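Chemist: In the working numbering, the protein residues as written are 387 to 574. Built from N, CA and C at the ideal position, the CB exists for glycine as well. It should be emphasised that the depicted structure is a prediction, and the values quoted were computed from it without experimental measurement.
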């Protein structure tokens, strides 16, 4: 399922403003949240600065997916390769070669992003989820969403603490209902 999300840095010292990169596939907490946790503890050996350089700075067009990717391989997106290709799939290297796209608190929900994963120096992973005006969970579709949706913090995860129950976190974000979006727009 192509649940859209973003990997970001907070730009105002709080969780109300952010900037980072788009992530297309499986960006729900049990997908991208768990993957980011695993990358921090595994491949990046708890070097958050380096992890964010790779995920945000070195791949300005964003990601098709990092989930299940082998970061010992050079990231890229090649149309002709088999699905078994284990590289992280970015939109800026390989066949896609797309231009930079900065996802921010102003354009993320309207672009269909449902979850945002931001980091602070704690080191802490802060998970935000988008909600429609009626309080229901915003669900994006085909690169569109509700530009009026608001971001709410659903988890603050100390990266050096125990791993959270990602599925429970995801389920708690959907309590109260789901709205499909009040406006059909594409923000990219």
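(1) Flag this pair as touching only if the region 501-510 and the region 454-474 have three or more C-beta atom pairs under 8 Å; answer yes or no.
(2) Are the CB atoms of residue 487 and residue 447 nearer to each other than 8 Å?
(3) For residue 514, which residues does DSSP report across the bridge?
(4) Considering only DSSP beta bridges, list what residue 404 is partnered with.
(5) Leaving aside the five residues before and after residue 391 along the sequence, list all residues of the same chain whose C-beta is less than 7 Å from its C-beta, in chain order.
(6) Excluding sequence positions up to five away, which residues of its chain have a Cβ less than 7 Å from the Cβ of residue 494?
(7) Hey, is the region 468-483 in contact with the region 512-523, meaning 3+ C-beta pairs nearer than 8 Å?
(8) Report yes if the C-beta distance between residue 496 and residue 531 is below 8 Å; otherwise report no.
Modeler: The relevant details are as follows:
(1) Contact fails: fewer than three Cβ-Cβ distances are below 8 Å.
(2) What you label residue 487 is simply residue 101 of the chain shown in a count that begins at 1. What you label residue 447 is simply residue 61 of the chain shown in a count that begins at 1. Yes, Cβ-Cβ distance for residue 487 and residue 447 is below 8 Å.
(3) Residue numbering aside, residue 514 sits at position 128 when the chain shown is read from its first letter. Looking at the DSSP output, residue 514 shares a beta bridge with 502, 539.
(4) Counting from 1 along the chain shown, the entry for residue 404 is found at position 18. Paired residue(s): 396.
(5) On the chain shown, position 5 is the one that residue 391 refers to. 409, 413, 418, 499, 500, 501, 502, 503.
(6) One-based indexing of the chain shown puts residue 494 at position 108. Once the five neighbours on either side are set aside, the close Cβ partners of residue 494 are 392, 502.
(7) Touching, no.
(8) Residue mapping note: residue 496 aligns to position 110 of the chain shown, counting from 1. Residue mapping note: residue 531 aligns to position 145 of the chain shown, counting from 1. Residue 496 places its beta carbon less than 8 Å from that of residue 531.
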